[in-house]
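See structure below.
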Amino acid sequence: MLKNKQFLLLTKLKKKIESREIYNSKKLLISNEIKDDENNKKIELDKTIDVNQNQFSLNNVDKKENKIDIPKKKIDILQPSYFGYLSGVLTTVWDEFGKKIDENSILKYKVKKDVGTKNDEQNLSKTKISKILIKDIPKVKVINMTKMHVNELLLAQSTSSKLLRIQALISHIQEFRSSRMTAIKNHLLIPHLLDLVETGKDVQVQEEARKCLSILGYPPYLKSSGIRILSIDGGGTRGIIGLTVLEAIEKTAGKKIYELFDFISGVSTGAILAVLLGIKKISVDECRRNYVDLSRRLFTQQKLPGVSGLLTLHSFYNTSLWTEILKENVGDSMTCADSAKYKDIPKISIVSCILNSPQLQPFVFRNYELPVGHDSQFKGGNNFKIWQAVQASSAAPGYFEEVRLGSIVHQDGGILANNPTAIAIHEAKHLWPNEDIQCVVSIGTGRSVSEIEFLNCDQYLTKTYSKISKIIDSATDSQATHICVNDLLPGGMYYRLNPYMSFPYALDEIEDSKLEQMKRDAELYVRRNIKKIEDCSKQLIKKPTLTHIIKKKVTNKLNQMGIFQNNF
């Protein structure tokens, strides 16, 4: 009996042991299957990670055997982590000049949300996060690139090689403006470019050499005894008044406007006239005909579409038509910097107003670059098309749409500086820091002769529109600038020519009788101020003294020999 009980106990114990072993074996099998599944998922995830580093590469994937080559050294980035999921896909990145950034400077990450699905590529495109990582080019690399471009230009022998090397140097300097100092530290560069301009046989090489000198901030040689500056106000079609005065100066001096001035600055209407007279080199008479024709084309419009455009686009007139007219008259491809290629072109500045800044401030479109160490107080650039500069400067609120160039929104420069004389003097003195001012001529577009009348106080306070109008008029007043400049400059050096108007002409006036009356008003002013205009012309064509001529020739010779200062 006792033996039977012992046998039963041993049998039960044996069954328990066997069941425990089966349980453990099943548990081990399940855990192994889970680990295998996790490893497979990990391999699938690792396939989706593409890290462009020099230390290792995970691109050797065998799709048939589902194997990858993993470095022996353990790397943390292979482990799926929070930061791994947040690192997005780096897409194609373009810099501000439209050139693709070098792939070696970009880290690319690819992350999949659903692993093992059939539509992996679709899931990737839907769930990826774009992130831009741009590595700045080291300063040492920029310096070495600059030296390389300069040396290649100095060693160029053939005409085609010289042309290509000059263009490459120009592009490099425009992309890295700080490289100008490195370039001019090579004292052979400026003399070499001057020699190409003066003795070069190929016209295209001469033009590119002039442009390169301008980009480097090398000011042109002044043939006069000092700087001669022309400033032209804004004023819509009232520019005819200013053109009549300029025609009188041109006839009295016996030379075209571009020959009489070294620096021309314009705002709005003045910007158009500055380009036509300075860059296109046309006579005042031809300029007036072109200006009247384009004004009639532009301002001849029905009221209904004008009101519709004013409500929707804040532009009464057709901005697209205005762009088309500008391209026809000033060209559609030439940039401001390109105009420096041509011989005897005066330096031009076109002033607009920056709208999307905390405070309104002027923006100066230049066809030159200021010398190193003589930076302007005003923002500006020379890489814009000429027609874009004129459009930005003449984008009067309510008349035309605002102009967006890059990240800056431009409007009519007359909002801030309808008389750009002070800006012109500032720019010219920085461009020729070692030269004196010979003559400043400021051309207005008409002023009213009406006496000051005080309106009834109670009646005036109810006219909100009148308040706004007065504020705008005070902001665009050109007389205050004239008073300041007149007080600061010595006598016989500054001439402000601003005819009186017999009628308050509108900015978009195109009626024939009114245009003729504008011309008569200006002609009357010229007759009454003929002595002032003659004195102005004499000052403009005044020949330099013998001492000044010798000094100029010696300085120019030293420049050609490479003996000069960085500030020229």
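In terms of the UniProt record's numbering, the sequence shown has 211 at position 211, counting the first letter as 1, and numbering is strictly consecutive. C-beta atoms are modelled at their ideal positions from N, C-alpha and C, and glycine is treated no differently.
Other residues of its chain near residue i: CB distance less than 6 Å, five sequence neighbours each side excluded
i           : result
residue 229 : 263, 424, 428, 440
residue 420 : 231, 265, 267, 351
residue 555 : none
residue 146 : 179, 182, 183
residue 319 : 400, 401
residue 223 : none
residue 353 : 360, 411, 413, 415, 416
Member of the options whose CA lies at the smallest distance from the CA of residue i
i           : options            : result
residue 496 : 506, 485, 505, 504 : 485
residue 176 : 149, 189, 283, 324 : 149
residue 247 : 543, 553, 544, 536 : 536
residue 213 : 182, 223, 170, 224 : 170
residue 317 : 402, 286, 277, 357 : 402
residue 333 : 387, 369, 280, 377 : 387
residue 156 : 192, 146, 140      : 192
residue 186 : 245, 153, 364      : 153
residue 255 : 552, 284, 376      : 284
residue 197 : 295, 142, 481, 344 : 344
residue 531 : 513, 516, 503, 492 : 492
residue 269 : 245, 237, 289      : 237
residue 407 : 514, 141, 380, 512 : 380
residue 245 : 521, 558, 542, 549 : 521
residue 397 : 508, 503, 422      : 508
residue 362 : 404, 328, 391, 410 : 410
residue 377 : 405, 422, 358, 342 : 422
residue 433 : 142, 221, 159, 209 : 221
residue 447 : 300, 506, 139, 405 : 506
residue 489 : 327, 426, 358, 541 : 426
residue 271 : 160, 357, 161, 392 : 392
residue 160 : 206, 137, 144      : 206
residue 437 : 188, 542, 144      : 542
As assigned by DSSP and simplified to three states, the class of residue i
i           : result
residue 452 : In this prediction, residue 452 has a pLDDT of 46, which is less than 50 and means its spatial position is unreliable; what the coordinates show is noted afterwards. The answer is coil: DSSP assigns residue 452 none of H, G, I, E or B.
residue 381 : strand
residue 494 : strand
residue 482 : helix
residue 489 : coil
residue 227 : strand
residue 507 : coil
residue 547 : helix
residue 604 : The requested residue 604 does not occur in the structure, where the chain is confined to residues 1 to 568.
residue 355 : coil
residue 405 : strand
residue 555 : helix
residue 173 : helix
residue 412 : strand
residue 373 : coil
residue 239 : helix
residue 137 : coil
residue 539 : helix
residue 282 : coil
residue 437 : strand
7 Å Cβ shell around residue i - same chain, five flanking residues per side excluded
i           : result
residue 204 : 163
residue 174 : 215, 383
residue 346 : 258, 261, 262, 263, 264, 278
residue 336 : 365, 366, 367, 382, 384, 386, 389
Short Cβ contact (7 Å threshold) for residue i with residue j
i           : j           : result
residue 274 : residue 348 : yes
residue 523 : residue 252 : no
residue 217 : residue 372 : yes
residue 416 : residue 360 : yes
residue 418 : residue 234 : yes
residue 340 : residue 211 : yes
residue 431 : residue 370 : yes
residue 242 : residue 547 : no
residue 518 : residue 240 : yes
For residue i, the residue or residues it bridges with in DSSP
i           : result
residue 266 : 232, 350
residue 443 : 232, 497
residue 365 : 350, 381
residue 386 : Residue 386 pairs with nothing; no bridge assigned.
residue 325 : Its beta-bridge partners do not exist; DSSP assigns none.
residue 423 : BP columns for residue 423 are empty, so no partner.
residue 335 : 385
Cβ neighbours of residue i in the same chain (closer than 8 Å, five flanking residues each side left out)
i           : result
residue 483 : none
residue 297 : 321, 325
residue 276 : 282, 287, 290, 291, 329, 330
residue 167 : 208
residue 375 : 430
residue 327 : 387
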